[in-house]
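Asks: Just passing along the structure, written as structure tokens.
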Amino acid sequence: HKMLKPFPKDFLWGASTAAFQVEGAWDEDGKGLSIMDEQELAAGVADFKVAVDHYHRYREDIALFAEMGLKAYRFSISWARIFPKGNDPEPNEKGLQHYDAVIDECLKYGIEPIVTIFHFEMPAALIKEYGGWASRQSIEDFDRYSRVLFKRYGDRVRYWLTINEGNIRIAFGDHLLGGKIKDDKQRFQMGHHMTLAQAKAMVSCHELLPQAKIGSAPSNTIIYPASSNPEDVLAARDYDLLRSGLTLDPLYKGYYPKALWSFWEERGIAPDMEAGDLELFKKARPDFLAFNYYGGHTVRYYPETAELYTVPADVAARYNVSQSYIRKISREKQAGIAQEVVNPHIRQGEFRIIDPVGLRATLRDLYEKYNVPLIITENGCAAAEEFTADGKIHDTYRIEYLREHIRQCQIAINEGVELFGYCPWTAIDVVSVKEGIGKRYGFIYVNRTDTDLRDLKRYRKDSFYWYKQVIESNGENL
Ligand code: BG6
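Residue numbers (full-length UniProt numbering): 3 to 480.
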């Protein structure tokens with residue numbers, strides 16, 4: 003790879019977290035509850051009450067990020083810290099002040115804050131009040147919340163992400179979407195509202211902050227056909243529409259894909275549209291696309307089922323997705339479209355598959371489809387970790403994983419993709435969505451277990467020093 007062009011000069015080498023997974027302080031300074039505070043977890047698995055106590059230790063943490071050389075820190079704001087009930091008459095000043103401090107701390111070191119407005123944390127009160135995304139009122143409330151953030155932080159934050167992995171929440175119809183989902187019709191209706199909410203926030207952002215840039219933050223991957231059978235090739239495309247096209251096409255092209263709309267119509271599950279919805283999509287005009295990447299999915303044509311698509315347990319396990327996440331709610335007497343299968347060409351890591359070339363394929367695919375600059379906002383290697391006898395964390399597997407993915411990014415850039423940043427998951431150990439702290443992703447180790455908070459002290463892993471020199475050399479020393 004000697005001949006590869008280097009990474010762009012101002013490439014945003016960063017790392018990511020999400021509020022509920024790091025902050026803790028779950029009921030401090032006026033914070034309301036979110037659906038993550040109410041998530042049911044298996045016994046003995048860490049919840050989010052303390053997490054890694056970033057709410058109190060952000061200064062120390064950001065100093066470590068600066069030492070590592072991070073150019074960007076992607077974090078999320080907890081809606082229920084700003085509006086404890088989601089739509090209170092006034093925002094909670096203490097909550098606003100907290101993120102003022104986090105942003106200022108980043109800027110002190112020249113770290114670009116990349117702010118996710120919504121990362122799974124629907125305020126619990128809005129589920130009670132109107133079923134969360136099930137109601138069109140969620141569009142207005144999300145916009146109001148977003149506008150408060152734009153006004154408060156817009157002088158310092160240039161990069162905004164609307165919703166994290168909205169596409170997957172809709173595709174799976176899982177509990178992270180929030181609220182009760184009766185059937186497929188309602189699931190896609192919720193998705194429609196969520197996508198409209200993003201479009202509306204994009205319009206507001208451009209109106210209030212003409213210099214800022216805003217994009218959506220889906221989880222994305224190339225979809226491989228299981229074989230060269232033309233039916234499998236089409237199934238892979240159809241599945242892509244159901245996982246990605248359903249939110250990205252409206253936001254980035256201004257309309258729902260025709261094929262997607264026809265699957266929905268055939269089954270009587272197309273979302274109800276109101277006058278102005280399509281116009282709002284057309285006005286969204288996002289500036290870039292951020293995406294999370296954890297490995298390519300593979301599907302075959304599979305009409306022998308009433309479900310729109312199926313993800314068998316053995317396949318879900320390869321992506322470390324619990325079957326209980328995937329609600330099978332389609333009960334129409336209609337043929338299915340696709341089924342995920344195991345791809346024999348892709349390696350299996352400790353928790354998930356490892357598919358670096360798929361990242362390059364995904365970059366190429368997204369750039370061709372949507373023609374906007376791209377940034378990777380999650381990609382990373384999970385492991386159960388404990389100190390070795392020398393008191394260190396020798397995470398060579400993580401270094402190896404990131405090295406291969408970064409190399410593919412560089413090749414993609416050489417192939418013409420406009421990629422402006424890479425923010426692996428995670429900057430510091432976080433509590434995973436449902437498997438606690440036994441599953442770590444960070445460059446920085448946090449000394450706690452699922453059941454014992456220990457001293458929560460921070461330790462630099464081997465990957466910390468490795469990433470530091472990657473950043474120093476702008477990706478040349480991998
Ligand atoms: C992404 C989420 O889906 O995957 C993160 O945006 C999450 O919040 C990450 O932590 C890894 O998944 P998990 O289940 O290992 O926490």
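Where a beta carbon is used, it is the ideal one built from N, C-alpha and C, also for glycine.
Does at least one heavy atom of the ligand BG6 sit under 8 angstroms from the Cβ of Tyr75?
Replies: Along the sequence shown, read from residue 1 onward, the residue named residue 75 stands at position 73. Answer for Tyr75: no, Cβ out of range of the ligand BG6.
Asks: Count the C-beta pairs between the segment 117-133 and the segment 57-65 that are closer than 8 angstroms, then say yes if the count reaches three, no if not.
Replies: Because the criterion of three Cβ pairs below 8 angstroms is not met, the segment 117-133 and the segment 57-65 do not touch.
Asks: Please confirm if Gly393 has its CB atom under 9 angstroms from at least one CB of chain C.
Replies: Absent here is chain C; the protein component of the structure consists of one chain.
Asks: Is there at least one non-hydrogen atom of the ligand BG6 closer than 8 angstroms to the beta-carbon of Glu387?
Replies: Numbered from its first residue, the sequence shown carries residue 387 at position 385. The answer is no for Glu387.
Asks: Starting from the Cα of Arg287, find the closest Cα among Asn222, Pro220, Met204 and Ser221 and give me that residue.
Replies: The count along the sequence shown starts at 1 and reaches residue 287 at position 285. Checked all of Asn222, Pro220, Met204 and Ser221; the closest Cα to Arg287 is Met204.
Asks: Should the segment 310-326 be called in touch with the segment 357-372, which here means at least 3 C-beta pairs below 8 angstroms?
Replies: Contact between the segment 310-326 and the segment 357-372 is absent, because fewer than three Cβ pairs lie under 8 angstroms.
Asks: Out of Ile141, Glu95 and His347, which has the shortest C-alpha to C-alpha gap to Leu282?
Replies: Counting from one through the sequence shown, the residue named residue 282 turns up at place 280. Selected option, being the one with the closest Cα: Ile141.
Asks: Taking Cβ positions, are Arg450 and Ala20 nearer each other than 9 angstroms?
Replies: Translated into positions along the sequence shown, residue 450 becomes position 448. Translated into positions along the sequence shown, residue 20 becomes position 18. It is not a contact, given that the beta carbons lie outside the stated cut-off.
Asks: Using C-beta distances below 8 angstroms, list every residue in its chain close to Phe152, excluding the 5 sequence neighbours before and after it, in chain order.
Replies: Locating residue 152 in the sequence shown gives position 150, where the first residue counts as 1. Same-chain partners within the cutoff: Trp162, Ser206, Cys207, Leu210, Leu211 and Ala214.
Asks: From Phe445 to Leu98, what distance separates their C-alpha atoms?
Replies: Along the sequence shown, one-based indexing puts residue 445 at 443. Along the sequence shown, one-based indexing puts residue 98 at 96. If you take the alpha carbons of Phe445 and Leu98, they lie about 28 angstroms apart.
Asks: Looking only at its own chain, which residues have a Cβ that is under 8 angstroms from the Cβ of Gly26, when we skip the five neighbours before and after it?
Replies: For the purposes of this step, residue 26 is taken as the residue at position 24 of the sequence shown. So the qualifying residues of the chain are Phe50, Lys51, Val52, Ala53, Val54, Asp55, His56, Tyr57 and His58.
Asks: Nearest to Ala74 by alpha carbon, out of Tyr467, Gly247 and Pro115?
Replies: Numbered from its first residue, the sequence shown carries residue 74 at position 72. If we check each option's Cα against that of Ala74, Pro115 comes out closest.
Asks: Alpha carbon to alpha carbon, how far is Ile339 from Asp454? Give it in angstroms, no decimals.
Replies: Translated into the one-based positions of the sequence shown, residue 454 becomes position 452. Translated into the one-based positions of the sequence shown, residue 339 becomes position 337. One C-alpha to the other measures close to 46 angstroms.
Asks: How about Phe293: is its Cβ closer than 8 angstroms to a heavy atom in the ligand BG6?
Replies: If you number the sequence shown from 1, residue 293 lands on position 291. No, since every heavy atom of the ligand BG6 falls outside the 8 angstroms radius drawn around the Cβ of Phe293.
Asks: Per DSSP, what kind of secondary structure is Phe13 in: helix, strand or coil?
Replies: Locating residue 13 in the sequence shown gives position 11, where the first residue counts as 1. Coil.
Asks: Under 8 angstroms by Cβ, that's how I've got Phe290 and Ile377 pegged, so tell me the actual separation to the nearest angstrom.
Replies: As a working mapping, residue 290 is identified with position 288 in the sequence shown. As a working mapping, residue 377 is identified with position 375 in the sequence shown. Their Cβ separation, rounded to whole angstroms, is 6 angstroms, which keeps Phe290 and Ile377 in contact under 8 angstroms.
Asks: Give, in chain order, every unbroken run of the beta strand (DSSP E) that is at least 3 residues long and sits entirely within the segment 286-349.
Replies: As far as the segment 286-349 is concerned, its whole beta strand (DSSP E) runs of at least 3 residues are 290-294, 299-303 and 340-342.
Asks: Pull up the CB-CB distance for Thr300 and Tyr403, whole angstroms please, since I reckon it's below 8 angstroms.
Replies: Numbered from its first residue, the sequence shown carries residue 300 at position 298. Numbered from its first residue, the sequence shown carries residue 403 at position 401. Wrong, their Cβ atoms sit about 20 angstroms apart, outside the cutoff.
Asks: Would you kindly report the start and end of the unbroken alpha helix (DSSP H) that includes Lys96?
Replies: Taking the sequence shown and counting its residues from 1, one reaches residue 96 at position 94. Unbroken alpha helix (DSSP H) run through Lys96: Glu95 to Lys110.
Asks: Would you tell me roughly how many angstroms separate the C-alpha atoms of Phe353 and Pro91, rounded to the nearest one?
Replies: Translated into the one-based positions of the sequence shown, residue 353 becomes position 351. Translated into the one-based positions of the sequence shown, residue 91 becomes position 89. Each residue's alpha carbon lies about 44 angstroms from the other.
Asks: Verify whether the separation of the beta carbon atoms of Trp15 and Tyr424 is less than 9 angstroms.
Replies: One-based indexing of the sequence shown puts residue 15 at position 13. One-based indexing of the sequence shown puts residue 424 at position 422. A contact, by the Cβ cut-off of 9 angstroms.
Asks: Using CA atoms only, rank isn't needed, just tell me which of Ile84, Met124 and Ile113 is closest to His100.
Replies: In the sequence shown, residue 100 corresponds to position 98, counting from 1. Out of Ile84, Met124 and Ile113, Ile84 has the C-alpha closest to the C-alpha of His100.
Asks: Check whether the segment 378-387 touches the segment 426-443, taking contact to mean three or more Cβ pairs, one atom from each stretch, closer than 8 angstroms.
Replies: Touching, yes.
Asks: Would you kindly work out how many angstroms separate the C-alpha atoms of Glu69 and Pro314, rounded to a whole number?
Replies: For the purposes of this step, residue 69 is taken as residue 67 along the sequence shown, with counting starting at 1. For the purposes of this step, residue 314 is taken as residue 312 along the sequence shown, with counting starting at 1. When rounded, the distance between both Cα atoms is 44 angstroms.
Asks: Assign Ala82 to one of two classes, buried (16 or more other C-beta atoms within 10 Å of its C-beta) or exposed (fewer than that).
Replies: Sequence index remark: in the sequence shown, residue 82 carries index 80 (1-based). Classification for Ala82: buried.
Asks: With hydrogens ignored, establish whether the beta-carbon of Gln341 is closer than 8 angstroms to any heavy atom of the ligand BG6.
Replies: Counting from 1 along the sequence shown, the entry for residue 341 is found at position 339. Flag unset: Cβ of Gln341 not near the ligand BG6.
Asks: May I ask whether a heavy atom of the ligand ATP can be found less than 8 angstroms away from the beta carbon of Trp81?
Replies: Here the bound small molecules are the ligand BG6; the ligand ATP is not part of this structure.
Asks: So, under 8 angstroms CB-CB, Asn89 and Asp143 are touching, yes? Tell me the CB distance rounded to an integer number of Å.
Replies: Taking the sequence shown and counting its residues from 1, one reaches residue 89 at position 87. Taking the sequence shown and counting its residues from 1, one reaches residue 143 at position 141. Yes, they are in contact, since the Cβ atoms of Asn89 and Asp143 sit about 5 angstroms apart, within 8 angstroms.
Asks: Leaving out the 5 sequence neighbours to the left and right, which residues in its chain are closer than 8 angstroms to Leu109 when beta-carbon positions are compared?
Replies: Taking the sequence shown and counting its residues from 1, one reaches residue 109 at position 107. The residues are Pro115 and Arg158.
Asks: I think Arg302 touches Val343, with their Cβ atoms under 8 angstroms apart; what is that distance to the nearest whole Å?
Replies: Position 300 of the sequence shown, counting from 1, holds the residue named residue 302. Position 341 of the sequence shown, counting from 1, holds the residue named residue 343. Their Cβ separation, rounded to whole angstroms, is 5 angstroms, which keeps Arg302 and Val343 in contact under 8 angstroms.
Asks: Inspect the beta-carbon positions of Phe22 and Met38 and report whether they are closer than 9 angstroms.
Replies: Counted from its first residue, the sequence shown places residue 22 at position 20. Counted from its first residue, the sequence shown places residue 38 at position 36. Yes, these two residues count as a Cβ contact at 9 angstroms.
Asks: For Thr223, report the span of its beta strand (DSSP E) as first-last.
Replies: By 1-based counting over the sequence shown, the position of residue 223 is 221. Counting along the chain, Thr223 falls outside any beta strand (DSSP E), and DSSP gives it neither H nor E.
Asks: According to the neighbour-count rule (16 or more other Cβ atoms, all chains shown, within 10 Å of its Cβ), is Ser246 buried or exposed?
Replies: For the purposes of this step, residue 246 is identified with residue 244 of the sequence shown, where counting begins at 1. Burial call: buried.
Asks: Less than 9 angstroms separating the beta-carbons of Lys87 and Pro125?
Replies: Along the sequence shown, one-based indexing puts residue 87 at 85. Along the sequence shown, one-based indexing puts residue 125 at 123. Result yes, Cβ atoms of Lys87 and Pro125 sit closer than 9 angstroms.
Asks: According to the neighbour-count rule (16 or more other Cβ atoms, all chains shown, within 10 Å of its Cβ), is Thr398 buried or exposed?
Replies: Taking the first residue of the sequence shown as 1, we reach residue 398 at position 396. Flag for Thr398 reads exposed.
Asks: Excluding five sequence neighbours on each side, which residues of the same chain lie with their C-beta closer than 7 angstroms to the C-beta of Gln350?
Replies: As a position in the sequence shown, residue 350 is number 348, starting the count at 1. Arg320, listed in sequence order.
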